[in-house]
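Below is one structure, written out as structure tokens, with a few remarks after it.
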Amino acid sequence: MSKKEVLHILGEKVGLGESAKVSFNVAKLHTQNTIDVPVIIERSKKPGPTVLITAGIHGDEVNGVEIVRQIIAKGINKPKKGTIICIPVINVFGFIHMDREFPDGRDLNRVFPGIKGGSLASRVAFKLVTEILPHADLVLDFHTGGAGRFNSAQIRVIKEEKSLNELAQIFGAPFVLYTKNIKKSFRSTCHKLGIPILLYEGGKSFHIDHHITNTGVNGAKRVLHHLGMLGSKFKVSEPKKSCVNILQSKWIRASYSGMFKSSVSINSEVKKGDVLGHITDPYGSFNHFVKAPNNGYIFNVNESPIIYQGDAIFHITTKTES
1 MSKKEVLHIL GEKVGLGESA KVSFNVAKLH TQNTIDVPVI IERSKKPGPT
51 VLITAGIHGD EVNGVEIVRQ IIAKGINKPK KGTIICIPVI NVFGFIHMDR
101 EFPDGRDLNR VFPGIKGGSL ASRVAFKLVT EILPHADLVL DFHTGGAGRF
151 NSAQIRVIKE EKSLNELAQI FGAPFVLYTK NIKKSFRSTC HKLGIPILLY
201 EGGKSFHIDH HITNTGVNGA KRVLHHLGML GSKFKVSEPK KSCVNILQSK
251 WIRASYSGMF KSSVSINSEV KKGDVLGHIT DPYGSFNHFV KAPNNGYIFN
301 VNESPIIYQG DAIFHITTKT ES
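In structure tokens form, the structure reads like this:
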């Protein structure tokens, strides 16, 4: 086989038409037990693009992990052409301990591209960027809302990237949120390396939602179908609703501390002045109505029953296009 026909990754060689599970050796625990993150590789006999599918950059974002798990379990990751590399749990330390960060207290998604001799999180970022990412022609990265805030299913891209905009529409999530890349994030690093990435957000931490999972799996299938990589046994469905592109948005924050209950569901289209929820006290003497400051869509809802003054409780669009 020529060099193009053999994938050299993490010290292993994987030829066309071959499957492999290789170890992304992260580090050892303080007990000297090794921690290996499985990297699942499926290659078609027919050459084509390489798609990297990742989740679990934050250890508490289990819904993203579930999406990648289903992609593997259903065989969606077995391409008709090209190569699909799946890493369901990157931050296995956080996943084990049910924690967002690494044991060193660092957010993995704020230390990219990493340093070879840096902190634990930085070393993992460096290894991912140097040994796995260079093989990718496209990245699908699955995330989940944090801190009890439930995110609508959404794709996040930079508006100026036309090719990614096209893929975002093909993915078919209810919303596309145009946001700038965050410094030292995985998405920012991919952008600097010229590797297109679709970042999917949906649901909330430590929670698996059936609708969010289905939207993520179906979106991945649509993108793979568009690339000519999806197996012929899989059907591709049209999105139930047309995508709303969010140009501008803002957080509605709590004016008071207290017990909180939302009265609108995620994805709701609301009018200015509509009641979105209530903030009360435990004694039945206080009831504050949270109202919409403008017309828009609610694409994030805080599901925590107890909130403090200043907490973000709703994310509402202020400017959209269809």
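Numbering (the UniProt record's numbering), first residue to last: 1 to 322.
For each residue, glycine too, the CB sits at the ideal point set by N, CA and C.
Straight through space, the alpha carbons of Ala125 and Val111 are spaced by roughly 7 angstroms. A Cβ-Cβ contact shorter than 9 angstroms links Leu198 with Leu138. For Ile212, the closest alpha carbon among the candidates Pro113, Met229, Asn151, Lys261 is that of Asn151.
Ranked by Cα distance from Asn77, the first of Glu61, Gly148, Cys190, Ile40 is Ile40. Per DSSP, Glu12 is one residue of the beta strand (DSSP E) stretching across 12 to 15.
A distance below 6 angstroms between beta-carbons, with the five flanking residues on each side excluded, links Ala292 to the following residues of its chain, in chain order: Val270, Lys272, Asp274, Leu276.
The Cβ neighbour count for Met98, taken over all protein chains shown within 10 Å, is under 16; the residue is labelled exposed. Comparing C-alpha distances from Val129 to each of Ile90, Phe142, Glu166 shows the shortest one belongs to Ile90. Just so you know, the alpha carbons of Ile208 and Leu52 end up roughly 22 angstroms apart. Residue environment analysis places Asn218 among the buried positions, since at least 16 neighbouring C-beta atoms fall within 10 angstroms of its C-beta. Per the coordinates, the alpha-carbon of Phe102 lies some 43 angstroms from the alpha-carbon of Ser285. The distance from the Cβ of Pro174 to that of Val264 is about 15 angstroms, inconsistent with a contact at the 8 angstroms cut-off. If you draw a 10 Å sphere on the C-beta of His143, you find 16 or more other C-beta atoms in it, and that means buried.
Residue pairing from DSSP places Gln154 in a beta bridge opposite Phe175, Glu201.
Our two residues, Val6 and Ile71, have alpha carbons roughly 24 angstroms apart in a direct line. Rounded to the nearest angstrom, the gap between the Cα atoms of Ile9 and Ala136 is 11 angstroms. Under the three-state reduction of DSSP, Ala27 is assigned to strand. Taking C-beta atoms as the reference points, Ile279 and Ala312 fail to come closer than 9 angstroms. Here Thr215 is actually not in contact with Ala168; their C-beta atoms are around 13 angstroms apart, not less than 8 angstroms. Residues of the same chain with a CB within less than 7 angstroms of the CB of Gly64, apart from the 5 flanking positions on each side, are Ala55, Gly56, Phe142, His143, Thr144 in chain order.
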